[in-house]
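**Q**
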Amino acid sequence: QREQGLQSRAGAEAAWLRELQAAMAEVQTRLATEQDGANQRLEEFARKSLAEKKRLQSELDATRQLLTHLKLSLSEAQREAEELRHGAPSAPAEPARDATA
19 QREQGLQSRA
29 GAEAAWLREL
39 QAAMAEVQTR
49 LATEQDGANQ
59 RLEEFARKSL
69 AEKKRLQSEL
79 DATRQLLTHL
89 KLSLSEAQRE
99 AEELRHGAPS
109 APAEPARDAT
119 A
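According to our numbering, the stretch in the sequence shown is residues 19 to 119, in order.
#1: In angstroms, rounded to a whole number, what distance separates the CA positions of ALA41 and LEU74?
#2: How big is the Cα-Cα spacing for GLU21 and LEU38?
#3: So what does DSSP say about GLN19, is it helix, strand or coil?
Structure representation (structure tokens):
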């Protein structure tokens, strides 16, 4: 009878272990699925972030070019204003146009 009790207990423990293994396998499957989903979301975020970085860099480059152009234009305008103050023409004068022509 003791032997039967031990066998019965061993059978119950084996069944419990099989259930535990099945539950662990299910958890591992769920974790793998969640990890895949998280990896996909992370890759999408990284892709969008890189695209946004490139867009912002392009915008920054264009802004820098515009700023450089504006600085040059301002320097030229200041030079011309200074020349006008001192009476020196900044560019060769065009011949006066005849208003009657």
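Glycine is no exception: its CB is placed at the ideal position from the N, C-alpha and C atoms.
**A** According to the data block:
#1: The straight-line gap from Cα to Cα measures roughly 49 Å.
#2: Whole-angstrom Cα-Cα distance: 25 Å.
#3: Correct three-state label for GLN19: coil.
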